[in-house]
Amino acid sequence: MKIGQQIYSYLDNTTRREGTTEVEHPSGNASASSNPKPKNPSFKLPHLKRKVLAHDQWRRSNVGVYRARIDKYTAEFGQPSLGRQRALSSAEFKELPEAEKAKWQENANNALKEAREAAKLVDPEARAEFMKSYLKEFRWMLEDLEQLAGVKMCALILHETSEGKYRITRELSDGIKDFGKISGPCFSNGCFPKMVSGYHQ
Numbered sequence: 001m002k003i004g005q006q007i008y009s010y011l012d013n014t015t016r017r018e019g020t021t022e023v024e025h026p027s028g029n030a031s032a033s034s035n036p037k038p039k040n041p042s043f044k045l046p047h048l049k050r051k052v053l054a055h056d057q058w059r060r061s062n063v064g065v066y067r068a069r070i071d072k073y074t075a076e077f078g079q080p081s082l083g084r085q086r087a088l089s090s091a092e093f094k095e096l097p098e099a100e101k102a103k104w105q106e107n108a109n110n111a112l113k114e115a116r117e118a119a120k121l122v123d124p125e126a127r128a129e130f131m132k133s134y135l136k137e138f139r140w141m142l143e144d145l146e147q148l149a150g151v152k153m154c155a156l157i158l159h160e161t162s163e164g165k166y167r168i169t170r171e172l173s174d175g176i177k178d179f180g181k182i183s184g185p186c187f188s189n190g191c192f193p194k195m196v197s198g199y200h201q
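Under UniProt numbering, residue 201 is the last one in the sequence shown; the count climbs by one each step, no gaps.
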C-alpha cells in the first residue's frame, strides 16, 4: 500500500472510532498525552473509492449469467453466503476470454476515476474547512507514530485557503519541534535529516 493510502486509511479509521480521555495503545499502556482525544470525530472524510472490481462491473450487466451460476451452486450445496456469491461471480468472470476481461477492467478503471473525481471538494471555503479539521487529525497521527514507534515526521503541506490562495503549512512531531525554526533551504539540501540524526545520537 502506498504511503498516501496508509495515511488516508489511518485518518479515516481515526475519525470512525470513539475516542476516550485515556487512549489504550497496543502495548497495553495508556497514552502519555495529557490532551484527551475528542469523544466524537471532528470531521468526516469524504468517501473516496479505492477500487472498482471488474467482475462487479461485469456481473451488474450480466445478471442472468450470474444467477445461473448461483442457482447451480444452490442446487448442489445450498444457498451460498455473500462471500461465496462474490467468489462465484469472480470465478465466472475469470472464465471469460482475455479480451472481454480486459474490456471490463477498463470499464472498472474508468468507473473508479469518475467516482473519485465526483468526491472532490471544489469550493475553496469547503476545502479550507476540511483542511482545518484534517490537520487536527494529522497531528494526532504524528503523536501516535512517535509514541508507538519512535517515528518522527516533518510534513510540508500545500493547501488552499478560503480566499482561494495557497499556503504551505509545516507540521513536525513533538520530538523535533525545535527544528521548525530552521530556514527553508535546509529542508531541501539534506542537512535537516543529518541534524535530526545527530540530535538523537
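We put the CB at the ideal spot given by N, CA and C, even for glycine.
Using a 10 Å radius around the Cβ and a threshold of 16 neighbouring Cβ atoms, would you call residue i buried or exposed?
i: residue 47; result: exposed
i: residue 163; result: exposed
i: residue 77; result: exposed
i: residue 57; result: buried
i: residue 21; result: Reliability fails at residue 21, whose pLDDT of 36 lies under 50, so the model's placement of it is uncertain and the value that follows must be treated cautiously. Classification of residue 21: exposed, given that the 10 Å Cβ count is below 16.
i: residue 158; result: exposed
i: residue 143; result: buried
i: residue 119; result: exposed
i: residue 35; result: Reliability fails at residue 35, whose pLDDT of 48 lies under 50, so the model's placement of it is uncertain and no value is given.
i: residue 28; result: Below a pLDDT of 50, predicted positions are generally treated as unreliable, and residue 28, at 45, falls in that range; the measurement from the model is reported next regardless. Exposed, by the Cβ-count rule.
i: residue 100; result: exposed
Could you tell me the boundaries of the alpha helix (DSSP H) in which residue i lies?
i: residue 74; result: 63 to 77
i: residue 91; result: 82 to 94
i: residue 171; result: That residue, residue 171, is in no alpha helix (DSSP H); its beta strand (DSSP E) goes 166 to 172.
i: residue 135; result: 124 to 149
i: residue 202; result: What is shown of the chain runs 1 to 201, which leaves residue 202 out entirely.
Please report the residue range of the beta strand (DSSP E) in which residue i lies.
i: residue 155; result: 154 to 160
From the options, pick the residue whose C-alpha is nearest to that of residue i; which is it?
i: residue 169; options: 144, 139, 92; result: 139
i: residue 173; options: 167, 160, 71, 136; result: 136
i: residue 51; options: 94, 83, 120, 114; result: 114
i: residue 176; options: 167, 155, 165, 160; result: 155
i: residue 131; options: 63, 49, 161, 103; result: 161
i: residue 97; options: 55, 117, 128; result: 55
i: residue 49; options: 117, 64, 127; result: 117
i: residue 65; options: 165, 123, 95; result: 95
i: residue 53; options: 104, 126, 73; result: 104
i: residue 93; options: 63, 74, 141; result: 63
i: residue 128; options: 82, 166, 79; result: 166
Is any heavy atom of the ligand ATP found at a distance shorter than 8 Å from the C-beta of residue i?
i: residue 98; result: Because no ligand of any kind appears in the structure shown, any question about the ligand ATP cannot be addressed here.
Can you confirm whether residue i, when its beta carbon is compared against all beta carbons of chain B, has any partner nearer than 9 Å?
i: residue 166; result: Absent here is chain B; the protein component of the structure consists of one chain.
The stretch 109 to 120 touching the stretch 131 to 150, judged by at least three CB pairs closer than 8 Å: no
Three or more C-beta pairs below 8 Å linking the stretch 86 to 105 and the stretch 53 to 73: yes
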